[in-house]
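Asker: Under full-length UniProt numbering, residues 1 to 325 are what the sequence shown spells out, in order. Note that CB positions come from ideal geometry on N, CA and C, so glycine has one too. These numbers come from a predicted model, not from an experiment.
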Amino acid sequence: MRAVTISGAGPSGKLSISSLNHPNAGQSDVVITVAAAGVNRADLLQRAGYYPPPANAPDWPGLEISGTVKRVGLGVSRWRVGDRVVALLEGGGYAEEVVVRETQVLPVPDGMDLVDAAALPEAACTVWSNLVDVGGLRAGEWALVHGGSGGIGTTAIQVAKALGAHVVTTAGGPERAARCAELGADVVVDHRRQDFVEEALRATDGRGVDVVLDLLGGGALGDNVRSLARGGRLVVIGMQQGRRGELDLSALLARRGTITGTLLRSRPPEEKARIVADTEQNLWPLFASGQVRPVIHARIPFSEAQSAHDLLESGEAFGKVLLVP
1 MRAVTISGAG
11 PSGKLSISSL
21 NHPNAGQSDV
31 VITVAAAGVN
41 RADLLQRAGY
51 YPPPANAPDW
61 PGLEISGTVK
71 RVGLGVSRWR
81 VGDRVVALLE
91 GGGYAEEVVV
101 RETQVLPVPD
111 GMDLVDAAAL
121 PEAACTVWSN
131 LVDVGGLRAG
141 EWALVHGGSG
151 GIGTTAIQVA
161 KALGAHVVTT
171 AGGPERAARC
181 AELGADVVVD
191 HRRQDFVEEA
201 LRATDGRGVD
211 VVLDLLGGGA
221 LGDNVRSLAR
231 GGRLVVIGMQ
241 QGRRGELDLS
251 ALLARRGTIT
261 GTLLRSRPPE
271 EKARIVADTE
281 QNLWPLFASG
291 QVRPVIHARI
301 PFSEAQSAHD
311 LLESGEAFGK
321 VLLVP
């Protein structure tokens with residue numbers, strides 16, 4: 001089969017097409033013929049040598065796919081050959097076929113295009129497990145979503161609104177800000193010219209937000225804490241502004257706030273199975289009804305995978321970039 005692999009080491013690493021053996025299904029595995037693979041920032045980090053795959057995962061990138069079931073292991077009961085599915089992977093999604101545990105496979109939501117569905121698994125599982133499960137967002141609360149124009153952000157805005165919450169989000173430039181507002185954000189902060197802490201406090205009459213979903217990391221740590229309400233929860237899922245930041249503990253204590261850092265890719269199988277099951281139960285009806293929808297910026301052929309990475313790295317994409325075989 002064809003797969004998009006990494007050639008070269010470190011920051012100079014590039015993507016190229018390779019010929020690899022077809023995967024085999026173990027007892028509890030599903031082999032899927034790939035219709036599309038989602039491109040994520042974690043893939044860019046892996047290509048640059050900063051985010052190696054977990055043990056026993058394929059060494060080529062790709063954390064989510066959509067496709068059709070080709071084979072199933074002898075112990076698999078839910079899935080059948082021909083089923084339209086999506087899957088959350090530890091790696092290896094940039095290929096014509098993948099093998100994955102049955103517990104990390106979900107059905108394509110009713111009425112959704114098979115290719116577009118590749119945008120769902122990573123974003124949906126990340127948003128549910130962090131904004132709602134860890135962050136505890138509830139109806140009537142305020143959420144601050146950083147990076148509202150990205151794959152995670154566009155999903156988080158819609159999910160928070162569907163749950164009855166209010167949303168402040170950040171985006172770069174008036175056009176992107178307007179599109180975030182169209183997705184349902186109550187307040188959009190143009191981070192190029194506005195201070196998100198001031199805008200979050202203004203939106204909440206000085207109270208602050210209940211949950212921050214943060215992709216920025218160290219560089220935004222202090223400001224994120226300043227934006228929290230009493231009992232607020234800061235959930236850090238990325239480090240786009242660095243690994244280290246300075247924290248005024250008195251500000252955190254005064255707010256009785258909590259800070260949690262999470263990763264999805266490296267979690268053990270039983271935790272991923274729970275997250276996938278919870279995501280299907282709680283978010284899949286929203287996708288099926290059209291209340292939440294994937295936002296697709298571009299579909300790019302496998303043969304142009306490097307340009308897909310360049311596009312995501314440029315910051316020009318609004319929503320998800322997908323690779324198609």
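From the beta carbon of V168, is the nearest beta carbon of chain D less than 8 Å away?
Answerer: The chain inventory of the structure shown lacks chain D, comprising one protein chain alone.
Asker: Grab me the residues of G10's own chain with a C-beta within less than 6 Å of its C-beta, minus the 5 sequence neighbours each way, in chain order.
Answerer: On the sequence shown, residue 10 is found 10 positions in, with the first residue counted as 1. Cβ within range, chain order: G49.
Asker: Given S7, which residues of its chain have a CB within under 6 Å of its CB, disregarding the five upstream and five downstream residues?
Answerer: Counting from one through the sequence shown, the residue named residue 7 turns up at place 7. K14, S16, listed in sequence order.
Asker: On a CA-only basis, which of A143, E271, A25 is nearest V81? Give me that one, please.
Answerer: The residue labelled residue 81 in the question sits at position 81 within the sequence shown. Ranking A143, E271, A25 by Cα distance to V81 puts A25 first.
Asker: Round the Cβ separation of V72 and A143 to the nearest angstrom and send it over; I've been treating them as touching at under 8 Å.
Answerer: The sequence position of residue 72 within the sequence shown is 72, counting from 1. The sequence position of residue 143 within the sequence shown is 143, counting from 1. About 39 Å; that fails the 8 Å criterion.
Asker: Would you kindly check if the distance between the Cβ of N21 and the Cβ of W128 is under 8 Å?
Answerer: Residue mapping note: residue 128 aligns to position 128 of the sequence shown, counting from 1. Residue mapping note: residue 21 aligns to position 21 of the sequence shown, counting from 1. Contact flag unset, no.
Asker: Classify E175 as buried or exposed, calling it buried when 16 or more other Cβ atoms lie within 10 Å of its own Cβ.
Answerer: What you label residue 175 is simply residue 175 of the sequence shown in a count that begins at 1. So E175 counts as exposed.
Asker: Could you check the C-alpha separation between A181 and V292 for me, to the nearest Å?
Answerer: What you label residue 181 is simply residue 181 of the sequence shown in a count that begins at 1. What you label residue 292 is simply residue 292 of the sequence shown in a count that begins at 1. Approximately 14 Å between the Cα atoms of the pair.
Asker: Under a Cβ-count criterion, where at least 16 other Cβ atoms within 10 Å of its own Cβ denotes burial, should R101 be classed as buried or exposed?
Answerer: The count along the sequence shown starts at 1 and reaches residue 101 at position 101. Buried is the call here.
Asker: On a Cα-Cα basis, can you pick out the residue from I32, G67, T204, E64 that is closest to R230?
Answerer: Position 230 of the sequence shown, counted from the first residue, corresponds to residue 230. Of the candidates I32, G67, T204, E64, the one whose C-alpha sits nearest the C-alpha of R230 is T204.
Asker: Tell me whether Q104 is buried or exposed, calling it buried when 16 or more other Cβ atoms sit within 10 Å of its Cβ.
Answerer: Mapped onto the sequence shown, residue 104 falls at position 104. Flag for Q104 reads buried.
Asker: Threshold first: 3 residues or longer. Then list the beta strand (DSSP E) segments lying entirely within the stretch 74-126, N to C.
Answerer: Within the stretch 74-126, the complete beta strand (DSSP E) runs of at least 3 residues are 84-88, 97-101, 105-107.
Asker: Considering only their Cβ atoms, is the gap separating K272 from A119 smaller than 8 Å?
Answerer: Counting from 1 along the sequence shown, the entry for residue 119 is found at position 119. Counting from 1 along the sequence shown, the entry for residue 272 is found at position 272. Contact: no.
Asker: Spatial neighbours of G153 within its chain, please: C-beta separation below 6 Å, excluding the five flanking residues on both sides.
Answerer: The sequence position of residue 153 within the sequence shown is 153, counting from 1. Within the same chain, G153 has close Cβ partners V145, G147.
Asker: Look at A36 and R299 and say whether their C-beta atoms are less than 8 Å apart.
Answerer: Taking the sequence shown and counting its residues from 1, one reaches residue 36 at position 36. Taking the sequence shown and counting its residues from 1, one reaches residue 299 at position 299. Yes, Cβ-Cβ distance for A36 and R299 is below 8 Å.
Asker: Which residue wins for smallest C-alpha separation from F196, given the options L183, G140, V212?
Answerer: By 1-based counting over the sequence shown, the position of residue 196 is 196. For the residues L183, G140, V212, the minimum Cα distance to F196 belongs to V212.
Asker: Of the residues A305, P61, L286, which one's Cα is nearest the Cα of L45?
Answerer: What you label residue 45 is simply residue 45 of the sequence shown in a count that begins at 1. Among A305, P61, L286, the Cα nearest to that of L45 belongs to P61.
Asker: Specify whether the stretch 212-229 and the stretch 182-192 touch according to this definition: at least 3 beta carbon pairs, one from each stretch, less than 8 Å apart.
Answerer: Verdict: no, contact absent.
Asker: Please state whether DSSP places T279 in a helix, a strand or coil.
Answerer: Within the sequence shown, numbered from 1, the residue matching residue 279 stands at position 279. In the structure shown, T279 sits in a helix (DSSP, three-state: H, G or I).
Asker: Along the alpha helix (DSSP H) that carries S307, what are the first and last residues, could you check?
Answerer: The residue you call residue 307 lines up with position 307 of the sequence shown. Per DSSP, S307 belongs to the alpha helix (DSSP H) from 305-314.
Asker: Starting from R138, follow its DSSP beta bridges and name the residues at the other end.
Answerer: Against the sequence shown, residue 138 aligns to sequence position 138. R138 is not bridged to any residue.
Asker: Which full runs of the alpha helix (DSSP H) of 4+ residues lie inside the stretch 178-260, going along the chain?
Answerer: With a minimum length of 4 residues, the continuous alpha helix (DSSP H) runs that stay inside the stretch 178-260 are 196-203, 221-226, 249-254.
Asker: Would you mind reading off the limits of the beta strand (DSSP E) that contains A48?
Answerer: To locate residue 48, count along the sequence shown from 1; it is residue 48. Unbroken run through A48: none, as it is neither H nor E.
Asker: Please report the straight-line C-alpha distance between G232 and E199, rounded to a whole angstrom.
Answerer: Within the sequence shown, residue 232 is the residue found at index 232, counting from 1. Within the sequence shown, residue 199 is the residue found at index 199, counting from 1. C-alpha separation (whole angstroms): 17 Å.
Asker: Starting from G67, trace the beta strand (DSSP E) in both directions and tell me its first and last residue.
Answerer: Working through the sequence shown from its first residue, we reach residue 67 at position 67. Residues 64-72.
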